[in-house]
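K.L.:
Numbering (this note's numbering), first residue to last: 41 to 443. Virtual Cβ for every residue (Gly too), placed ideally from N, Cα, C.
1) Could you tell me whether the Cβ atoms of residue 256 and residue 331 are closer together than 8 Å?
2) Quick check on this structure: which residue in 307, 110, 410, 383 has the alpha carbon closest to the alpha carbon of residue 431?
3) Assuming contact is defined by CB atoms lying nearer than 8 Å, are residue 321 and residue 301 in contact in what I supplied?
4) In terms of residue numbering, what span does the alpha helix (DSSP H) encompassing residue 53 cover?
5) Pull up the distance between the alpha-carbon of residue 164 and that of residue 420, whole angstroms please.
6) Run through the DSSP bridge pairs and tell me what residue 349 is partnered with.
7) Beta carbon of residue 240, beta carbon of residue 254: below 8 Å?
8) Check this for me: beta carbons of residue 122 and residue 75, under 8 Å apart or not?
9) So, residue 374 versus residue 350, is the Cβ gap smaller than 8 Å?
10) Nearest to residue 63 by alpha carbon, out of 150, 161, 174?
11) What do you reckon, are the CB atoms on residue 232 and residue 158 nearer than 8 Å?
12) How do the segment 45–57 and the segment 130–139 stand: do at least 3 beta-carbon pairs fall below 8 Å, yes or no?
13) Please state whether DSSP places residue 109 in a helix, a strand or coil.
14) On the three-state DSSP scale, how would you describe residue 285?
15) Mapping the DSSP letters down to three states, classify residue 268 as helix, strand or coil.
16) According to DSSP, simplified to helix, strand and coil, what is residue 174?
17) Does the separation of the CB atoms of residue 268 and residue 294 fall below 8 Å?
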């Protein structure tokens with residue numbers, strides 16, 4: 041071990057933790073370490089080499105004027121104190137940047153991405169600039185890491201530019217010339233940032249899909265008595281027991297959709313889609329978050345089939361209701377909740393088919409209560425009984441009931 045560097049790094053770390061770089065010199069207390077506690081081997085009678093090496097390191101730093109210490113009559117140094125007046129030389133010796141220097145670099149990077157045409161990116165930059173101005177650490181484990189900050193901002197800018205369904209590996213190759221780097225080094229960080237700054241209510245594991253970034257191609261599943269017309273062909277979905285799966289690219293090629301049932305039902309879960317089979321309804325599984333192309337599909341269906349009743353069967357949790365309201369807002373379609381009422385929730389709860397709320401769920405419920413007054417009875421039950429339900433299928437409830 042290089043004891044001289046280790047001792048100096050330890051003292052400088054303490055200097056930074058106490059934020060002495062922003063305090064008046066007259067208010068600074070001594071920064072020192074107990075050598076025996078920091079290096080137990082120093083007083084190990086069987087490790088004479090450690091004793092010699094540590095003494096040599098301390099004496100070298102004393103001679104350089106970077107630390108202050110006194111050799112005791114027993115031949116050991118008990119306390120070692122940082123010479124704060126020489127802090128700049130300490131950083132130079134360690135080839136280490138001070139916090140103010142790192143923050144200055146961070147401000148330069150943030151400024152280079154400022155005034156973006158993307159509102160969310162500007163919001164992020166503004167928040168982080170305020171932290172850097174006050175020598176604060178950046179969140180999301182970025183701290184004072186300017187290089188990683190630049191990579192993260194580059195990724196965010198690229199994400200906001202995506203306008204059609206893209207795949208994570210292709211995205212990573214485009215940004216880094218490496219198909220796996222985004223997933224390995226940045227995916228979790230980017231998900232957290234987007235989750236915190238995105239206005240629409242999106243679950244964290246769906247946030248990349250919201251921005252058109254997917255692990256694999258996604259499909260919209262449609263089944264029931266519906267006729268889907270393309271430029272040169274027509275599909276009668278009723279003839280296919282499990283319906284038809286259409287990619288995002290295929291959705292744009294649809295010319296017309298004629299619904300021959302009384303209702304159109306969108307579902308959040310693929311299990312529900314496969315289990316439900318009412319002849320009087322057309323079922324649509326959106327295959328993840330309803331992005332622009334999926335919203336356009338729903339708008340196209342509604343435009344030509346306004347006499348139908350439009351229902352949405354989603355999870356009975358805060359995000360299920362937020363997704364429903366967001367779906368109504370984005371498409372202009374008067375969707376009504378299906379099997380998302382208090383009686384259905386109680387049925388799941390009494391069957392023991394539920395999950396407990398997490399802190400995020402509770403915060404989101406309290407934050408959105410005013411906008412979700414229509415569902416207050418269900419939300420109150422969720423809070424009172426600490427429960428939420430993934431809307432897989434009523435068959436899951438019937439199994440224990442029938443046994």
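P.N.:
On the basis of the data shown:
1) no
2) Nearest C-alpha to residue 431: 307.
3) yes
4) 43–57
5) 34 Å
6) 303
7) no
8) no
9) For residue 374 and residue 350, yes; Cβs fall inside 8 Å.
10) 174
11) no
12) Contact between the segment 45–57 and the segment 130–139 is present, because at least three Cβ pairs lie under 8 Å.
13) Reduced to three states, the DSSP call for residue 109 is coil.
14) strand
15) strand
16) coil
17) yes
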